[in-house]
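*Asks:* Those letters in the sequence shown? Residues 80 to 497, by the working numbering. Sharing a structure below in structure tokens format, with a few things to ask.
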Amino acid sequence: MGDDVLAEVGQRLASLGGRVDEVGRLGGDEFAVLLSAPTSAEVTAAADELAAEVAEAIARPVTHGDLVLDLSVSIGMARFPEHGDGPEELIRAADVAMYAAKGRGIPYLVYEGKLDRHRTRRLGLATDLRAALAEQALEVRFQPKVRFATGELIGAEALIRWSHPTLGFIPAGEIILIAEHAGLLRELTDFVLDRSGAHCATMQAEGFEFTVAVNLTERDIADVELPERIQAVIDAHGLAPGSISVEVTETALLTQEVEALGVLPRVADMGVQLAIDDFGTGFSSLSHLRKFPVNEIKIDMSFVDRMVIRPNDAVIVRSIVDLGHSLGMRVVAEGVETNEAWAMLEEFGTDVAQGNHVMKAIDAQSFVSWAIFWDQYREARGRGAMPPSRRGDLDDVIAVQLESFRATDAEQADVTES
């Protein structure tokens with residue numbers, strides 16, 4: 080499907096006809112357009128007009144089977160000789176402008192020298208990330224997942240964290256972007272997989288039936304060696320295959336559908352479960368749920384956060400729960416932050432809760448201590464596991480201990496997925 084979409088984009092660019100000199104695909108989802116004019120002023124005017132036209136053309140929906148896809152575009156522009164005297168320099172300058180446009184949420188932008196400050200930062204961080212991976216200086220934190228019905232702790236999602244020695248906290252999304260540009264995505268995923276395997280082994284040794292979910296990138300699900308990479312972690316830590324699960328976004332499945340169909344079923348055959356992450360925000364289709372061996376869908380936190388005050392979002396959440404159950408899938412709600420959200424999700428029949436209302440993402444050692452307290456609290460209550468601070472049980476010693484974990488400053492607010 081991803082190739083079909085790219086082919087359609089290429090056709091739309093080619094339809095510009097005599098307006099441009101050349102149109103070509105650079106790789107992935109990036110295209111280049113060469114435009115010439117007699118004077119610099121004419122080039123500038125023509126480029127602005129063309130960029131607006133390209134943005135409008137690409138924004139038209141693409142139909143693919145039962146899907147109607149909305150596309151977006153980020154355009155970077157560079158001029159000869161002002162921004163470079165050769166193709167490599169011009170493409171580099173246009174690339175810098177394109178990422179700046181994407182970061183600002185605008186359709187197009189002309190290169191400026193000051194934009195290179197951001198590129199310099201990115202290049203510097205790429206070097207630092209490579210060193211951090213080699214020195215194992217990154218941290219993986221774990222956010223618990225508990226059953227609504229019983230409060231039982233069933234697993235956690237692994238989330239990457241990087242405290243840069245001079246720049247401080249680097250958001251997970253930026254880490255992924257840096258790793259992609261530096262060619263480090265595989266190394267980053269393997270690092271998270273290994274730390275997740277180690278944590279899972281520790282939790283199982285403590286007596287918990289426990290699964291750790293690891294987020295996969297578009298490149299991971301297209302990697303024919305992914306099953307072997309996961310198996311190596313399972314073997315290294317003496318785990319059962321079901322101890323590791325993987326999460327993939329709808330958008331990643333769309334982009335790498337053909338490749339993923341050759342990889343993810345092999346992963347599933349190993350006993351590794353697959354979850355679709357951020358469900359409801361991407362190019363969702365029942366065909367994805369039919370084609371891929373999906374065991375779990377995760378309702379995006381944006382719906383969970385708004386459903387308390389927006390009836391339409393509540394209808395969407397209930398519908399996703401019903402859909403998942405009708406297909407025999409487990410349904411997880413991400414971003415459960417309040418007592419009201421918990422109560423609504425419990426009423427809808429949602430299977431699993433994940434969010435700061437239960438516990439934020441914490442380091443592996445703290446997680447073990449927290450899990451023991453949580454389990455003791457749940458057994459003492461003998462019923463569902465609404466977080467203790469929301470049921471007036473703070474006089475209970477165990478409840479106080481649980482609340483103390485929430486109060487620590489060891490974790491910045493989690494806003495990821497990914």
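We put the beta carbon where it would ideally sit given N, CA and C, even for glycine.
What is the residue span of the alpha helix (DSSP H) that H143 lies within?
*Replies:* First-last for H143: 141-143, but that is the beta strand (DSSP E), not the alpha helix (DSSP H).
*Asks:* So H278 is in the alpha helix (DSSP H); what residue range does that whole segment cover?
*Replies:* Segment 264-284, the alpha helix (DSSP H) holding H278.
*Asks:* Opposite D356 in the DSSP bridges: which residues?
*Replies:* T328
*Asks:* If A412 and A393 are in contact, beta carbons under 8 Å, what's the gap, nearest whole angstrom?
*Replies:* Actually they are not in contact, since the Cβ atoms of A412 and A393 sit about 12 Å apart, beyond 8 Å.
*Asks:* To the nearest angstrom, report how far apart V396 and I378 are at their CA atoms.
*Replies:* 7 Å
*Asks:* Over what stretch of residues does the beta strand (DSSP E) that includes F382 continue unbroken?
*Replies:* No beta strand (DSSP E) holds F382; the alpha helix (DSSP H) holding it covers 380-385.
*Asks:* If you compare alpha carbons, which of E329, M408, A331, L267 is closest to R308?
*Replies:* L267
*Asks:* Taking the straight line between their C-alpha atoms, what separation do you get for T281 and E214?
*Replies:* 22 Å
*Asks:* Give a yes or no on whether the C-beta atoms belonging to V102 and A93 are separated by under 8 Å.
*Replies:* Taking 8 Å as the Cβ cut-off, V102 and A93 qualify as a contacting pair.
*Asks:* Start and end of the beta strand (DSSP E) containing L114?
*Replies:* Careful: L114 lies outside any beta strand (DSSP E) and carries neither H nor E.
*Asks:* Return helix, strand or coil for S448, following the three-state DSSP convention.
*Replies:* helix
*Asks:* Are A205 and P223 closer than 8 Å when you measure CB to CB?
*Replies:* no
*Asks:* Which whole-angstrom value describes the C-beta separation of V410 and V437, a residue pair presumed to lie in contact below a C-beta threshold of 8 Å?
*Replies:* Not confirmed; about 16 Å, so no contact.
*Asks:* Beta-carbon separation of A237 and V271 under 8 Å?
*Replies:* Yes, these two residues count as a Cβ contact at 8 Å.
*Asks:* Could you give the uninterrupted runs of the beta strand (DSSP E) lying entirely in the stretch 177-244, keeping only those of 3 residues or more?
*Replies:* 187-189, 218-226, 232-243
*Asks:* Out of E253, E231, L232, G230, which has the shortest C-alpha to C-alpha gap to I239?
*Replies:* Among E253, E231, L232, G230, the Cα nearest to that of I239 is on E253.
*Asks:* With C-beta atoms as the reference, is A172 less than 8 Å away from L188?
*Replies:* no
*Asks:* Ends of the beta strand (DSSP E) at G106?
*Replies:* 101-106
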